[in-house]
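Asks: After the structure tokens below, expect a handful of questions from me.
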Amino acid sequence: MSQTLAPVLITLLTLSGGWLVSTRVTDRWDRIKKQREIDLASMLEFQRVYGEFFATWKCWDTIKRYGAGPAPPEDAAWQCLQRAASIEGAIEALLAKVAGDRQLSDQDIEVLGRMRQGFQSLRKAIREDRNLDWRETANYQSFKSLAAYTASLMADLGSRGPKPDRETATANFLRITDVVHEDGWGSRPLGRGQDVG
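What follows is the structure, encoded as structure tokens:
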């Protein structure tokens, strides 16, 4: 009896072990795949918000610069202000997600903080009823380079490492949103091989 039972037990153990290993591998792969989907969704959301920023800026620029032509609606400034505030809220949410999901270097935090200030500049210009006069300025170049860095950071799928602990994530988000980035955020564009500082 034991001679006939041994092959059956070996077969059952082999099948059970194979099932356990394949289940763990599949589960791990599914988690990696899900995280990549979430990262891709975040990157696409950043691109959408970036595009919305430029669309809102162009509307505001048209209102401020070009008096001739079709008259904007009476509440056009208010509409632009609402859009700018919505853009800021979306960026703030993305930054909270990045701070909670990724290990960030000091350079990453500096870039994200400066980029946040760039997004805020549109709302401030609208609130102060002034044009966001960025054409060929350091602010314009900085905003473009900071946005490219941020998009690249968000697109860096699969190489993010472990999530930071709560204390680190909180500290990183506070550093990103610190007002220290407000002064001179756009005075130094990033370039090939350049540091952010």
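The opening position of the sequence shown corresponds to residue 930 in this note's numbering, with each subsequent residue numbered one higher.
Every residue, glycine too, gets a C-beta built ideally from N, C-alpha and C.
Here the structure is a predicted model, which is why all the values come from computation and not from measurement.
How many Å lie between S1034 and A1013 at the Cα?
Replies: Cα to Cα, S1034 sits roughly 28 Å from A1013.
Asks: Going by DSSP in three states, L1119 sits in which element: helix, strand or coil?
Replies: Coil at L1119, not helix or strand.
Asks: If contacts are defined as beta-carbon pairs under 8 Å, then S1050 and L1061 qualify, I think. What distance do you get, rounded to the angstrom?
Replies: Confirmed, about 6 Å.
Asks: Hey, how far is the Cα of L934 from the Cα of Q1032?
Replies: In a straight line, the C-alpha of L934 is about 53 Å away from that of Q1032.
Asks: With a Cβ-Cβ cutoff of 8 Å, do F1102 and A1028 count as a contact?
Replies: The answer is yes: Cβ separation under 8 Å.
Asks: At the level of alpha carbons, what is the spacing between D1085 and E1017?
Replies: Cα to Cα, D1085 sits roughly 23 Å from E1017.
Asks: Could you give the distance in angstroms between the alpha-carbon of K989 and the alpha-carbon of M1044?
Replies: Checking the sequence, you will find Trp at residue 989 rather than Lys. For W989 and M1044, the distance between alpha carbons rounds to 20 Å.
Asks: For E1111, does the three-state DSSP call read helix, strand or coil?
Replies: It is coil, neither helix nor strand.
Asks: Look at the Cβ atom of L1041, then the Cβ atom of I1105, and state whether they are nearer than 8 Å.
Replies: Yes. Within cutoff.
Asks: Just to confirm the assignment, what range does the alpha helix (DSSP H) spanning Q1049 have?
Replies: First-last of the alpha helix (DSSP H) with Q1049: 1035-1056.
Asks: Within 8 Å (strictly less), CB to CB, does T1066 reach chain D?
Replies: Checking the listed chains, one finds no chain D in this structure; it contains a single protein chain.
Asks: State the DSSP-derived secondary structure class of D1085, mapped to helix, strand or coil.
Replies: It is coil, neither helix nor strand.
Asks: Where do the ends of the alpha helix (DSSP H) carrying K1026 lie?
Replies: Start and end: 1005-1030.
Asks: Looking at the secondary structure, which residues open and close the alpha helix (DSSP H) in which A1000 lies?
Replies: Element bounds for A1000: n/a, residue is neither H nor E.
Asks: For S1015 and A1005, I'd like the C-alpha separation in whole angstroms.
Replies: So the alpha carbons of these two residues sit roughly 15 Å apart.
Asks: Output the distance between the C-alpha atoms of G1126 and T955, rounded to the nearest integer angstrom.
Replies: Here G1126 scores only 48 on pLDDT, less than 50, and its place in the model should not be relied on; the value that follows carries that caveat. Distance between the alpha carbons of G1126 and T955: 43 Å.
Asks: Quick test of your reading: F1048 and F982, contact by CB under 8 Å. State the CB separation rounded to the nearest angstrom.
Replies: Yes, they are in contact, since the Cβ atoms of F1048 and F982 sit about 6 Å apart, within 8 Å.
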